[in-house]
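Numbering (the working numbering), first residue to last: 355 to 689.
Yeah, the Cβ is synthetic: ideal placement off N, Cα and C, and Gly gets one too.
Written out as structure tokens, the structure reads:
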């Protein structure tokens, strides 16, 4: 008897309308090739990717295009309609990513450990690393020429999009590059990464992950980051990353890295060590523990609970939704 024989049905729900002919059908294909064209959405990064890794490890689960009537059902927030309610035999687990909570979900998977403090019944699991990641070419050795940002341009601080920033780097003999999405996996010619959403210390971004940090560790590239909660939650030493809170800090950090090859080597070595906790095997273990030790007992409690309890659960959340909508309406009418 395997450890999985007594598990309930476990489904990863990806609406049929979002199924594509070019979706990878195995974890090995995903790791080798990454996601295909048109698969650059959270529903694939979270739902499809998690399913493929679990399936590849022999964990009993299914990918479905229609919402099941029973079992543990996991889906990305964008795949769950706002009004969708769990059945009497379904435990709904929402992979929240950076979206709003689902009003009827029994549990949420969050990608920032500090978000568990504000989202009820939430559980933190690291996001998967960038599929097909190409690390920095080790033949570059001590070269320090190319500084890059990996991410959507609107998530980059305005100061780092201003021509004066690239000009400042050029005067230091450095090239600045905002990497296009199709090359987000390729760090081969990158000597340092910088990622700052804002230099204003007014937002901790509790809903955002530390993915840019993890990818830099795995890519063997020193990284400069803004003061975000996900990064700070991961920080164990100054070698993990350089935190900056102003444009002047960012320029100083670049100069420090440029002038100190030994520091770069130490940050790279430290990153290789830290990256071990972000491995596919480690994240896979977290998912299996969640499904067997947390979600399965919760599912059993739900299906065995009285119908009155289930009715009260739905009604309570229904009225919470109504109250929130009324609150927003009153706020909009306030002059």
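Buried or exposed: which applies to residue i, given that a residue is buried once 16 or more other Cβ atoms fall within 10 Å of its Cβ?
i           : result
residue 663 : exposed
residue 590 : exposed
residue 355 : Here the model assigns residue 355 a pLDDT of 41, short of 50, so the residue's position is not dependable, and the following value carries that caveat. Per the 10 Å Cβ criterion, exposed.
residue 673 : exposed
residue 639 : exposed
residue 506 : exposed
residue 566 : buried
residue 643 : exposed
residue 357 : exposed
residue 570 : buried
residue 485 : buried
residue 373 : exposed
residue 472 : exposed
residue 600 : exposed
residue 615 : exposed
residue 548 : buried
residue 588 : buried
residue 637 : buried
residue 381 : buried
For residue i, tell me which candidate among the options has the shortest Cα-Cα distance.
i           : options            : result
residue 604 : 453, 568, 552, 374 : 552
residue 608 : 669, 539, 519, 560 : 519
residue 697 : 371, 362, 416      : Coverage of the chain is limited to positions 355 through 689, which leaves residue 697 absent and any answer about it impossible.
residue 557 : 582, 440, 593      : 582
residue 538 : 458, 515, 407, 490 : 490
residue 475 : 643, 448, 432      : 448
residue 439 : 453, 418, 452, 461 : 461
residue 434 : 480, 496, 368      : 368
residue 698 : 574, 677, 391, 400 : Residue 698 lies beyond the range of the chain shown here (355 to 689); nothing can be said about it.
residue 561 : 399, 478, 648      : 478
residue 503 : 572, 535, 481      : 535
Using DSSP with H/G/I as helix, E/B as strand and the rest coil, what is residue i?
i           : result
residue 448 : strand
residue 416 : strand
residue 407 : helix
residue 478 : strand
residue 540 : strand
residue 564 : coil
residue 383 : helix
residue 361 : coil
residue 617 : helix
residue 355 : Residue placement at residue 355 is poorly supported in this model, since its pLDDT is 41, which falls under 50; the coordinates still yield a value, given next. Here residue 355 sits in coil by DSSP.
residue 483 : coil
residue 623 : helix
residue 499 : coil
residue 347 : Residue 347 cannot be examined here, being either before or after the span of the chain that is shown, 355 to 689.
residue 558 : coil
residue 468 : helix
residue 516 : coil
residue 673 : helix
Any idea which residues DSSP pairs residue i with across the strands?
i           : result
residue 602 : For residue 602, which the question treats as bridged, DSSP gives no partner whatsoever.
residue 504 : 533
residue 443 : 424
residue 662 : Note: residue 662 sits in no beta bridge, so no partner.
residue 461 : 447
residue 366 : 417, 428
residue 579 : 549, 597
residue 488 : 540
Can you give me the C-alpha to C-alpha distance between residue i and residue j, rounded to a whole angstrom?
i           : j           : result
residue 463 : residue 524 : 42 Å
residue 577 : residue 596 : 7 Å
residue 423 : residue 483 : 32 Å
residue 404 : residue 527 : 42 Å
residue 384 : residue 412 : 16 Å
residue 689 : residue 513 : Bear in mind that a pLDDT of 46 at residue 689, under 50, signals an unreliable position, so the number given afterwards is only what the model happens to contain. For residue 689 and residue 513, the distance between alpha carbons rounds to 34 Å.
residue 455 : residue 467 : 15 Å
residue 544 : residue 517 : 20 Å
residue 650 : residue 629 : 30 Å
residue 610 : residue 626 : 21 Å
residue 377 : residue 395 : 12 Å
residue 443 : residue 427 : 10 Å
residue 500 : residue 659 : 59 Å
residue 470 : residue 580 : 21 Å
residue 406 : residue 634 : 12 Å
residue 458 : residue 445 : 10 Å
residue 529 : residue 613 : 16 Å
residue 432 : residue 450 : 8 Å
Just checking: is the beta-carbon of residue i within a distance shorter than 9 Å of some beta-carbon in chain C?
i           : result
residue 585 : Going by chain labels, chain C is absent from the structure shown, which holds only one protein chain.
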